[in-house]
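Only one structure is covered here, and it is reproduced in the block below.
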Amino acid sequence: MSQATTEKSLYAEHIAARQRTTEAALAATKFDALLISSGAPFTYFVDDMDAPLHETPHFAHWVPLRGPHHLLLIRPGHKPRLVRYCPEDYWYEQGPLPENFWVDDFDFHEARTREEAWKLVASAGRVAYIGDEADAARAAGIADTACNHAELTARLDWERSFKSAYEIGCMEEAEKIASWGHRAALAAFDKGASELEIHHAYLTAVGCTEADLPYGTIIAHDEKGAILHYTGKRTQKNGRVLLIDAGAKYLGYASDITRTWTRKDCDPTFRALVKGLDKLQLELCERVTPGLPYPELHRAAHILIGELLRELEVLKISGEEAFSLGLTRPFFPHGLGHFLGIQVHDVSGRQAEPKGGVAPPPSHSPFLRTTRTIAEHQVFTIEPGVYFIEMLLREHRAGPHSAAIDWKLVERLAPFGGVRIEDNVLVTASGHRNLTRSHI
Ligand code: GLY
Ligand code: MN
Ligand code: MN
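With my numbering applied, the sequence shown has no gaps in its numbers, which climb one by one up to 441 at the end.
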């Protein structure tokens, strides 16, 4: 079977599953139909410039049709109706429907105006709406209480955390594409390229604009690696460390990959830290198994990081002890990972149950985005990190456990910033499949 045939048949299964899960969510919330819009452009304040459109994720879950104001109507027992908004417009390109594998799965229409599009999705009964065009929904007679209904949205979000075979295929493509960028970035780093040059090398290899990436690249030399979401792009060359966190998209699905590379003239202890964290990251991936609460994996990451820091003599006490005294937190101040899919920080990582509610993170890790129990078909990141962040270390210098840290060594390592290793992991029936490591 050709790749195109496989994609088409997997997509048909994906749509059938969406139909089933949406019908169940509508029944549970007593609606007769669901209308989703692809979204309206966000125009900057007192400006006439729009931000790049992020299509409504619930829409993107059904169809990889890009652009604003498209509408999708789902009714139990009916083929989903897709209305493509394609105005006559000489300011922006409005091409014909691109070659695709998905249109046959819809009752497909095109509309020249938004009014015409909304007329085509008029539906009897209690209609729910998801999207950011609530004014248009209201004008179409949809009740306020049916717009972005909390329980209905929560039920659909919950389902989004279990990826179909079609989605996994898309995510694997996104891994492969990002790996081209990561390889080009490493080659540029090895030649002494600046952060800005590495960014350009990444985009060229991935073959897209920055707006087409799932998030702005984080490309940090040396001390900037300690800024978790560093977006600057300096022009100085010859960094001794490169921390690159960059992904790619395929049909709306994201990858989110971090690698840390060092040059030979980097401090040997920092190089050992990178090597140790890489090994530790793989060990954490090996622990992924259905039934394990993700916060336990996050806790294990703290203890392993504590052990690694003791081996390298940054800490003078055991990992367990360091974690219980709060001494691993300044070095690892973010969550171990997050769900991944259409959104980079995909929905429902903290959802308590299908109908909604929040499962809060443990008090020691308020930034942990994933508090769910690990289950088959979830995809999430595993991204431990160790950083030298002065604002977090400061309170411990004079604190009661100051003697547990080798501050001289901390000073020596701080100019190298930090290390993070991030892979994307699919949960299988008995363990995991690492979607990233086969590529980079
Ligand atoms: N790239 C952002 C993150 O890793 O969460
Ligand atoms: Mn991530
Ligand atoms: Mn990342």
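Built from N, CA and C at the ideal position, the CB exists for glycine as well.
TODO: With a cut-off of 8 Å on the beta carbons, I'd call H110 and V84 a contact; round off their distance for me.
DONE: 5 Å
Task: Paired residues, beta bridge with L197 - DSSP - done: Answer by DSSP bridge pairing: none, since L197 is not bridged.
Task: Beta carbon proximity, D223 to chain D, threshold 8 Å - done: Judged by its chain identifiers, the structure shown contains no chain D, having just a single protein chain.
- [ ] Using a threshold of 8 Å, state whether the C-beta atoms of V207 and V426 are closer than that.
- [x] no
- [ ] Answer with buried or exposed for A255, where buried requires no fewer than 16 other C-beta atoms within 10 angstroms of its C-beta.
- [x] buried
TODO: Please look up how many angstroms separate the CB atoms of P81 and W63, rounded, as I've assumed it's under 8 Å.
DONE: 7 Å
- [ ] Can you check DSSP and say which residues form a bridge with Y251?
- [x] Y254
Open item on the list: Restricting to Cα atoms, I'd like to know which of T259, V411 and A185 is closest to R395.
Closed with: V411
TODO: May I have the straight-line CA-CA distance separating L73 from I37, to the nearest angstrom?
DONE: 5 Å
Task: Those residues which DSSP pairs with L455 across a bridge - done: Only positions 2 to 441 of the chain appear in the structure, and residue 455 is not among them; the question remains open.
TODO: Check whether the region 245-264 touches the region 410-424, taking contact to mean three or more Cβ pairs, one atom from each stretch, closer than 8 Å.
DONE: yes
Task: Delimiting residues of the beta strand (DSSP E) encompassing D424 - done: D424 to V428
- [ ] Measure the CB-CB distance between V281 and I306 and report whether it falls below 8 Å.
- [x] In the sequence as presented, Val is not what sits at residue 281; that position holds Leu. Yes.
Open item on the list: Comparing C-alpha positions only, which one of A404, R113 and V380 sits nearest to C87?
Closed with: R113
TODO: Apply the 10 Å Cβ neighbour rule to M172 and answer buried if 16 or more other Cβ atoms are within range, or exposed otherwise.
DONE: buried
Open item on the list: Please determine whether the Cβ atom of T263 lies at a distance below 7 Å from any heavy atom of ligand 5.
Closed with: This structure lacks ligand 5; its bound ligands are ligand 1, ligand 2 and ligand 3.
TODO: Confirm, please, whether the CB-CB distance from E160 to G357 is below 8 Å.
DONE: no
- [ ] Would you kindly check if the distance between the Cβ of A118 and the Cβ of P141 is under 8 Å?
- [x] The sequence shown places Ala at residue 141, not Pro. Not in contact: A141 and A118 (Cβ atoms no closer than 8 Å).
TODO: Put D49 into one of helix, strand or coil per three-state DSSP.
DONE: coil
TODO: Quick one: using the 10 Å Cβ neighbour count with 16 as the cut-off for buried, is A249 buried or exposed?
DONE: buried
Task: Contact set for A415: own chain, Cβ-Cβ below 8 Å, skip 5 residues either direction - done: E224, A227, F389 and E391
Open item on the list: I'd like the list of long-range same chain contacts for T372, defined as Cβ closer than 6 Å, with 5 residues on each side in sequence excluded.
Closed with: P296, R351, A360 and P362
- [ ] Determine, using beta carbons only, whether G329 and H303 come nearer to each other than 8 Å.
- [x] Per the sequence presented here, residue 329 reads as Thr, with Gly not at that position. Cβ distance < 8 Å, so T329 and H303 count as in contact.
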